[in-house]
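Its first residue numbered 75, the sequence shown is counted upward by one per residue in the numbering used here.
From the three backbone atoms N, C-alpha and C, an ideal C-beta is built for every residue, glycine too.
It should be emphasised that the depicted structure is a prediction, and the values quoted were computed from it without experimental measurement.
Step one of this worksheet: look at the structure below.
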Amino acid sequence: MIKIKSLRSYYLEFPLVDPVLTSFGVMKSRPCIIIELEDYHHNIGYGEIWCNFPSDGATYRFNLLNNVYHSNIVGCEFSNPDNFIERITEKFKTLFVQSGDMGSFYNINSGLDCAIWDLFAKNQKLPLNKLLNPDSKNDISVYASGINPSQSHEQIAVAKSMGIKAFKVKIGFNHSLDIDLLESLDNYFTNDEMMMLDVNQGWNFQEAAKYLKILEDYNFSWIEEPISALSSQAEIKNIIKSTSCDLAFGENITSFDEFISLSQNNKSKYIQPDLTKYGGISLINNLSKKIQNNKIWLHFLGGSVGLLTSAHIMAAINPSAYLETDININPLRTSVLKNELNIENGKIHINNDYGIGGPLNFDTVNKYLVLSNA
75 MIKIKSLRSY
85 YLEFPLVDPV
95 LTSFGVMKSR
105 PCIIIELEDY
115 HHNIGYGEIW
125 CNFPSDGATY
135 RFNLLNNVYH
145 SNIVGCEFSN
155 PDNFIERITE
165 KFKTLFVQSG
175 DMGSFYNINS
185 GLDCAIWDLF
195 AKNQKLPLNK
205 LLNPDSKNDI
215 SVYASGINPS
225 QSHEQIAVAK
235 SMGIKAFKVK
245 IGFNHSLDID
255 LLESLDNYFT
265 NDEMMMLDVN
275 QGWNFQEAAK
285 YLKILEDYNF
295 SWIEEPISAL
305 SSQAEIKNII
315 KSTSCDLAFG
325 ENITSFDEFI
335 SLSQNNKSKY
345 IQPDLTKYGG
355 ISLINNLSKK
365 IQNNKIWLHF
375 LGGSVGLLTS
385 AHIMAAINPS
395 AYLETDININ
405 PLRTSVLKNE
415 LNIENGKIHI
425 NNDYGIGGPL
435 NFDTVNKYLV
445 LSNA
């Protein structure tokens, strides 16, 4: 039995020199909230809470974690991580339903779930990927994201210099500008490279149906979130059916049943849960037992802890896929842990440390620290 002795948390923020443009706003900084769960054997499990939007969201989630969750998590016991997220969901669901704020609830639960799995792997003296799959390989290819349309050539060139062979470009701002961007990138990639497009839910159904027809003439691997994640199942099925383009969904889905329904559509090849945003590792683990694993391509945008956790999970369940990695300079993505998280030959390499490794690099933590309960 594992008993949680302490919960420590750190809210970090890195100001961006070049703000990242999306169809719904501008990101001027990269935040992350890191969780440390320590047990009575002196093992420490790490998790990360999704907190990118809105700009005040990280402070709010940090305060919820410490003012609502903390006293209920410290002292908890568990023998395996499989049902931990169900327990904490049951514990807090009434409060969050009453508040009308299910998003923060899901985000915090997800970060805690990841920390619990990491803590369990360390108690089992196994790397996290080997805990889920003893035959897991120790690396995963990445694709570059966070590419601004106005800087696409420069940022893609930087990614190529790292050996990266897949690149996701943001569209959905203005259709004529989107077409200009695609024209400028025509013949920019070699035969072994691929481009993906991300609309970030920027179109309504009618716009998506219209623009997807036009985009069928261009060469790319998928278009991500062409319509709102709040669209009905019928609308999502109809938009998938309406186009020959491969579409990707999942970053903003908050229902296990919706993931299952999406996976059952033969034209839906890319399903993108975010383990820091909804469901944690437990959701991915359960999904991997129910659907074709080659459809699971994790979404991620955050710090070292969440990215390395995602790398472990992808290596374990879908090693031929590519993991999303923000290409913008961000020490919270590369340097929060003692072992630098670098991309070599287009891959993130996983060492044989137990869990996801550690400890935290407090030079980086202290430099970018906004709030802490430690």
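Requested in this report: Starting from the N-terminal side, write out each stretch of the alpha helix (DSSP H) that is 4 residues or longer and does not extend beyond the stretch 290-338.
Outcome: Complete alpha helix (DSSP H) runs here, min 4: 307-315, 330-337.
Requested in this report: Would you kindly work out how many angstroms separate the C-alpha atoms of residue 153 and residue 102, rounded to a whole number?
Outcome: 42 Å
Query raised in the report: So what's residue 148 in DSSP terms, helix, strand or just coil?
Result: Coil at residue 148, not helix or strand.
**Report entry** Inter-residue Cα distance where the pair is residue 280 and residue 218
**Finding:** Whole-angstrom Cα-Cα distance: 29 Å.
Requested in this report: Determine the direct distance from the alpha carbon of residue 310 to that of residue 182, and round the result to whole angstroms.
Outcome: 28 Å
**Report entry** Unbroken alpha helix (DSSP H) run spanning residue 380, endpoints
**Finding:** It spans 378-391 - the alpha helix (DSSP H) in which residue 380 sits, taken as one unbroken run.
Query raised in the report: Near residue 124, what residues of its chain come up, given a Cβ to Cβ distance below 6 Å and the 5 sequence neighbours on each side ignored?
Result: 181, 350, 351
Query - Residue of 319, 308, 381 minimising C-alpha distance to residue 335 - result: 308
Report task. Could you round the C-beta distance between residue 380 and residue 411 to whole angstroms and report it? I think they count as a contact, below 8 Å. Result -> With 8 Å as the limit, residue 380 and residue 411 do not qualify as a contact, their Cβ atoms being about 11 Å apart.
**Report entry** Uninterrupted alpha helix (DSSP H) stretches inside the stretch 237-268 (no shorter than 4 residues)
**Finding:** 249-259
Query - Sufficient close CB pairs (3 or more, under 8 Å) joining the stretch 185-193 to the stretch 337-356 - result: yes
Query raised in the report: residue 113 lies in the alpha helix (DSSP H); which residues open and close that run?
Result: No alpha helix (DSSP H) holds residue 113; the beta strand (DSSP E) holding it covers 99-113.
Query raised in the report: How far does the alpha helix (DSSP H) with residue 134 in it reach, from first residue to last?
Result: 131-138
**Report entry** Status (buried if at least 16 other CB within 10 Å, exposed otherwise) for residue 366
**Finding:** Under a 10 Å Cβ-count criterion, residue 366 is classified as exposed, with fewer than 16 other Cβ atoms of the shown protein chains found around its own Cβ.
**Report entry** Length of the line joining the Cα atoms of residue 196 and residue 204
**Finding:** So the alpha carbons of these two residues sit roughly 11 Å apart.
Query raised in the report: Should the stretch 265-277 be regarded as contacting the stretch 81-99, the criterion being three or more beta carbon pairs within less than 8 Å?
Result: yes
**Report entry** residue 208, buried or exposed, once every other Cβ within 10 Å from all chains shown has been counted against 16
**Finding:** exposed
Query raised in the report: Under the rule that 16 or more other beta-carbon atoms within 10 Å means buried, what is residue 346, buried or exposed?
Result: Looking at its Cβ environment, which holds 16 or more other Cβ atoms inside 10 Å, residue 346 is buried.
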